[in-house]
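Numbering (this note's numbering), first residue to last: 159 to 396. Where is the CB? At the ideal position from N, CA and C, for every residue including glycine.
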Amino acid sequence: MSDLLDHLMATPVAAITLTLAAYVASMRLFRSVGSPGWCPPILIASLLIAVVLATLGIDHVDYRKGAGWLMFLLGPATVALGLPLYQQMPNIHALWRPLLACLPLSALLAALYAVGIAWLLNAPPEILASLAPKSVTAPIAIGITEQLGGSIPLMMGGLLITGVAAIGFVGLLSRCLGIRDERIIGLALGINGHALGTVRAFDISPTAGAFASLGMSLTGILTALLLPLSWRLPEIIG
């Protein structure tokens with residue numbers, strides 16, 4: 159059995175098949191329980207894959223190597239979000255001043271609060287570097303994590319938790335505060351929940367999805383440009 163698993167994991171076919179099967183199963187389960195916003199399909203699929211890997215004794219490194227082909231598709235998928243942005247350009251252009259004022263601060267806070275909490279808990283530098291890009295979409299976050307010297311598996315876990323938490327908290331706070339503007343809700347989901355929040359925003363409406371795409375994209379750009387520089391700022395000053 160072990161030899162068979164090693165043979166299967168030597169090619170990307172097994173990892174890709176497992177990933178797609180987990181996704182299909184998670185979508186069916188997600189719809190069967192009423193499509194709850196706090197439990198997105200990617201969370202269910204991740205748990206299913208983790209159970210399968212643990213049950214069969216497959217090393218997560220081997221699985222990640224095989225699933226790397228799917229990771230490659232994250233880049234084009236992210237670029238494709240430019241289409242709804244183009245369709246909503248009149249709305250975005252009308253709000254360019256408040257967007258310009260809030261996005262840099264939002265991107266900064268998204269990176270700082272997790273790092274600040276981990277620093278107060280005396281987390282080692284590798285964990286701090288892994289948590290810093292946790293609000294950025296995966297293709298950008300992977301590159302940032304490598305530059306900072308963090309752990310990509312830990313960062314991916316942080317991405318998943320952040321996205322799920324952002325969906326729940328943005329929905330809860332918008333109801334508590336009486337916020338019904340789909341542009342604001344979408345922007346908050348994109349800034350804080352990256353791709354997972356953007357998917358949830360498109361479930362709300364195309365307008366919310368477009369603003370979530372804008373928030374996710376600009377947060378990713380600002381973080382990619384500024385976070386590595388600010389991370390090394392103490393070394394540069396010293």
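**Study point:** Beta-carbon proximity of Thr109 to Val294, cut-off 8 Å
**Key:** Coverage of the chain is limited to positions 159 through 396, which leaves residue 109 absent and any answer about it impossible.
Review point. Is it a yes or a no for the region 234-252 touching the region 177-197, going by three-plus beta-carbon pairs under 8 Å?
Key: no
Point to revise | Gly226 burial status per 10 Å Cβ neighbour count (16 or more: buried) | key: exposed
Review point. When you compare each of Asp217, Ala179, Ile250, Thr177 to Phe369 by their alpha carbons, which one comes out closest?
Key: Ile250
**Study point:** Residue closest to Phe230, alpha-carbon to alpha-carbon, out of Leu347, Glu340, Ile298, Arg358
**Key:** Ile298
**Study point:** Start-end ranges of the alpha helix (DSSP H) lying completely within the region 303-340, minimum 4 residues
**Key:** 310-334
Practice item. Please report how far the alpha carbon of Lys223 lies from the alpha carbon of Pro283, in whole angstroms. Key: 25 Å
Practice item. Count the CB pairs spanning the region 249-269 and the region 333-351 that are closer than 8 Å, and state whether there are at least three. Key: yes
Exercise for review: Look at the Cβ atom of Ile302, then the Cβ atom of Pro291, and state whether they are nearer than 8 Å.
Suggested key: yes
Review point. Given Pro363, which residues of its chain have a CB within under 7 Å of its CB, disregarding the five upstream and five downstream residues?
Key: Before going further, note that residue 363 is Ser rather than Pro in the sequence given. If we look at Ser363 and ignore the five residues flanking it on each side, its Cβ neighbours are Glu340.
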